[in-house]
Amino acid sequence: MDYVLTILPVLLKGLKLSLTIYGIVIILIFPLAILAAIGKVSGPPILKKILYLYTWIWRGTPLLLQLFFIYFGLPYFGINLPPFVAVIIAFVLNVAAYETEIIRAGIESIDKGQYEAAKALGLTYFQTMRRIIIPQTIRRVLPATCNEAILTFKDTALVAAIGMGDLLRSAKEVVTSDFKITAFFVAFVFYLIISSILLQVFSRLEKKYSIYE
Numbered sequence: 002m003d004y005v006l007t008i009l010p011v012l013l014k015g016l017k018l019s020l021t022i023y024g025i026v027i028i029l030i031f032p033l034a035i036l037a038a039i040g041k042v043s044g045p046p047i048l049k050k051i052l053y054l055y056t057w058i059w060r061g062t063p064l065l066l067q068l069f070f071i072y073f074g075l076p077y078f079g080i081n082l083p084p085f086v087a088v089i090i091a092f093v094l095n096v097a098a099y100e101t102e103i104i105r106a107g108i109e110s111i112d113k114g115q116y117e118a119a120k121a122l123g124l125t126y127f128q129t130m131r132r133i134i135i136p137q138t139i140r141r142v143l144p145a146t147c148n149e150a151i152l153t154f155k156d157t158a159l160v161a162a163i164g165m166g167d168l169l170r171s172a173k174e175v176v177t178s179d180f181k182i183t184a185f186f187v188a189f190v191f192y193l194i195i196s197s198i199l200l201q202v203f204s205r206l207e208k209k210y211s212i213y214e
């Protein structure tokens, strides 16, 4: 127990970085994904093609490779980004691509008659989406979004590949230094706790949005 208390500050520092990255990514992806999904459903043809290309590329290549390209590849084009900024850009573009397709599928699952009913009531397209379609879509996509949210947090471990001291890298450094695997067990517990919290959050959201079913 004394040893755990000794290594805890190092692991908590790594956890703080992981949670910071995760929090920023989550805040940024949902507005982007919702707008991109609406664009794919009802945008002009050129926008649909651009969004299709975006989701095709970012869903079809590994996140780690995308991170390497942004951090190590862009300097060849004269664009040098700090590690933290490169991580945020890579994660946002990657996760938003997946979430765009999840939300798009949710929007397209809504009965077309609801659009017609809204139009008959004099609602604009924007009002229809905000008041009727999006709330129902959120309820339908929550399970898939929950899975994506948990995977995203676990994927923050990839930032160690460009030298950032996240939770897993901190644990690995402690193990390498002390030749004890205790740090890995503590990191395991941290990941499990965060994932459990996310499950509870999304479970409450599902209950909240169940009125739209």
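Heads up: the sequence shown begins at 2 in this note's numbering, then just goes up one per residue.
All C-beta atoms, glycine included, are put in the ideal place defined by N, C-alpha and C.
(message) Beta-carbon within less than 8 Å of Y126's beta-carbon, same chain only, minus the 5 sequence neighbours each way: which residues are those?
(response) S43
(message) Quick check on the burial criterion: 16 or more other C-beta atoms within 10 angstroms. Buried or exposed for F92?
(response) buried
(request) In angstroms with no decimal places, state the Cα-to-Cα distance between K14 and Q128. (result) 44 Å
(request) Please confirm whether V88 and L66 have their CB atoms less than 9 Å apart. (result) No, the Cβ-Cβ distance between V88 and L66 is not below 9 Å.
(message) I need the straight-line Cα distance from A121 to I134, nearest angstrom please.
(response) 15 Å
(request) Note down the Cα distance separating F31 from G123, rounded to an integer number of angstroms. (result) 28 Å
(request) Measure the C-alpha to C-alpha separation of Y72 and L52 and round it to an integer number of angstroms. (result) 23 Å
(request) May I ask you to report which of helix, strand or coil DSSP gives L159? (result) helix
(request) Enumerate, from N- to C-terminal direction, the unbroken alpha helix (DSSP H) stretches of 4 or more residues contained entirely within the segment 121-188. (result) 126-129, 135-156 and 168-179
(request) Spell out a yes or no on whether the segment 134-153 and the segment 96-112 are touching, meaning 3 or more CB-CB pairs, one atom from each, closer than 8 Å. (result) yes
(message) Could you compute how far the alpha carbon of V202 sits from the alpha carbon of K155?
(response) Distance from the CA atom of V202 to the CA atom of K155, rounded to whole angstroms, is 17 Å.
(request) Would you check if the distance between the CB atom of I22 and the CB atom of D167 is smaller than 9 Å? (result) yes
(message) Nearest by alpha-carbon distance to R141: which of F185, T157 and K209 is it?
(response) When the alpha-carbon of R141 is set against those of F185, T157 and K209, the nearest one is in K209.
(request) Quick one: give me the first and last residue of the alpha helix (DSSP H) that I71 is part of. (result) Taken as a continuous stretch (DSSP letters only), I71 belongs to no alpha helix (DSSP H), as it is neither H nor E.
(message) Quick check: the Cα distance between T62 and E100, rounded to an integer number of angstroms?
(response) 15 Å
(message) Using only the alpha-carbon positions, how far apart do V175 and I58 sit?
(response) 37 Å
(message) Within a Cβ cutoff of 8 Å, which residues of the same chain sit near I35, ignoring the five residues on either side of it in sequence?
(response) For I35, same chain residues with a beta-carbon under 8 Å away, outside a window of 5 residues either side, are I104 and I135 in chain order.
(message) Whole angstroms are fine: how far does the CA of I27 sit from the CA of F185?
(response) 26 Å
(request) Verify whether the separation of the beta carbon atoms of A188 and L29 is less than 9 Å. (result) Not closer than 9 Å, so no.
(message) Tell me the rounded alpha-carbon separation between I198 and L9.
(response) 20 Å
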